[in-house]
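Okay, structure first, notes after.
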Amino acid sequence: MKLLLVPLLVCVAVLSSLQPTGKEIIKVGPDLPFPFSPAVKAGGLIYAAGVISTDAQGKVVGDDVRAQVKGVLDRIRQVLDAGGSSLADVLSVQVYLKRAEDFAAMNEVYKTYFSADPPARTTVVTDLLLGGLVEISAIAVPKGGDRKTIHPEGWQKSQNPYNYAVKTGDTMFLAGLVARDPRTNARIEGDMTAQANAVLKNAEEILKAAGMGFEHVVSSRVFITDGGAFQEMNAAYRTKFPKEPPARATVIAGLMAPDLRVEMTFTASTAPRKVIGDGRPANPNLSPAILSGQRLYLSGMLGNTEATKGDIRAQTRETLARLNKAIEAAGFNKSHVVDGIVYLPDLSNFAGMNEAYREMFRDAFPARATVGAGLVAPDGLVEIMFTAVKP
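Residues in the sequence shown are numbered from -19 upward in steps of one, following the numbering used here.
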């Protein structure tokens, strides 16, 4: 499998540019010819792109996961410093591991970087580009910005280096939640329905501790281990979101224990909230987009049609066209997109996806992570989820 190499780690220059949209592009290192920015600063937050530990030629650096986690977090620290932030100001982290068995070793290194008051965090198993063992992305506030951890009364502290939720202003980022009793830290066994209900119960308690409810959730990411249980998860999920559900992406990924079936992570906000449609029939499980204050949270979208079947470029174009329709329906435009996640079931499609992706974002690229994960649509070749900010 031939992949397009993406230099990510060596820092030789720091550039920052303020766009007419009010978003600031943070560039650390050479001006690389790839369609994403190392970080974007907009609306009071800094979105750091997914990082793999590589040298300037795109070769993975680090013989094991410990060395690669160190390389990745050193790189993210450089990016945040260039954007006027720091690791201490991080609100939320997404960790993608190639192998579940590296979880403990990853945590050993990770906690040395986040030794006090760590961010909320989600960790799942996906395929990674370049043969990397770990990819990490982050969202932070500028140095000295508002940052408050949320911990429900009676819950034990997480056994791993993360907080259950971190809030800034009107927005809260929850950690990835699995079926666990937070008062004993014991896992809750059962089928998809039982585990999804346990996850949602825990989310409800976190939201309540922050003075929020499910009506404040604007975006969610759901990771399931078995695509065959997708509708079971949906049935449980809809009990908490009976109307105007949040934006959502659901993909198939591995979790940190073999008996876990689902992990969910949420973003919630008390800012004024509006559902944005995209012209297609309503989906009871998700809204195409949620406008919350100045931020627009878009669902993961696909472009799998009969006309695009088997063609990564065509599917990417159709996916982006659907996203752009929702973006424009909200009164935004593509230049307001600040962050994205691309899910590819087959990473050999990376170059073709980038070719079509670049057609939408010709400059001032958003931050982005790209990982290998299964899609619930069997003929889907790509799923993309965005966040946009309008000043």
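Ideal Cβ placement from N, Cα and C applies to all residues, glycine included.
Beta carbon of residue i nearer than 8 Å to that of residue j
i	j	result
Q274	V369	yes
L71	P99	yes
L300	M236	no
V114	V49	yes
A349	A118	no
G311	M365	no
I130	A190	yes
T367	A233	no
Y337	P122	no
P132	I186	yes
I292	N329	yes
T245	T92	no
I204	T230	yes
L266	A306	no
V31	R57	no
V198	T250	no
N87	P141	yes
V75	I116	yes
R167	D239	yes
Nearest neighbour of residue i, chosen from the options [CA to CA]
i	options	result
K188	M152, N165 and T34	M152
P346	R127, V322 and L327	V322
Q(-1)	V179, R218, A216 and A22	A22
D215	S279, D171 and G290	With the sequence shown as reference, residue 215 is identified as Ala, and Asp is not the correct amino acid for it. For the residues S279, D171 and G290, the minimum Cα distance to A215 belongs to D171.
Y27	T34, K7 and A36	K7
D161	V362, V89, V179 and G149	V179
A176	H316, G124 and V158	V158
E4	K223, L324 and H316	H316
Simplified DSSP assignment, three categories, for residue i
i	result
Y76	strand
K188	helix
A174	helix
A100	strand
K137	coil
D258	coil
N265	coil
E298	helix
R253	strand
E286	coil
A310	coil
L60	helix
S117	strand
CB contact check: residue i to chain C, cutoff 8 Å
i	result
M86	Any reference to chain C falls outside this structure, which holds one protein chain only.
Beta-bridge partners of residue i, as assigned by DSSP
i	result
K21	E4 and I26
Y323	V351 and E363
F203	V231 and E243
D161	A166
N143	A100
S279	The partner list for S279 (beta bridge, DSSP) is empty, contrary to what the question assumes.
L154	A145
A368	L276 and V317
K128	K147
Burial state of residue i (16 or more Cβ within 10 Å)
i	result
N313	exposed
Q139	exposed
S95	exposed
D258	buried
L355	buried
E298	buried
R163	exposed
D69	buried
N182	buried
T219	exposed
L(-12)	Bear in mind that the predicted position of L(-12) carries a pLDDT of just 40, short of 50, making it unreliable; the figure below should be weighed with that in mind. Classification for L(-12): buried.
E363	buried
A331	exposed
L361	buried
N334	buried
R241	buried
Contact test: residue i Cβ vs the ligand PLP heavy atom, cutoff 7 Å
i	result
A159	Among the components of this structure there are no ligands whatsoever, and the ligand PLP is therefore not found.
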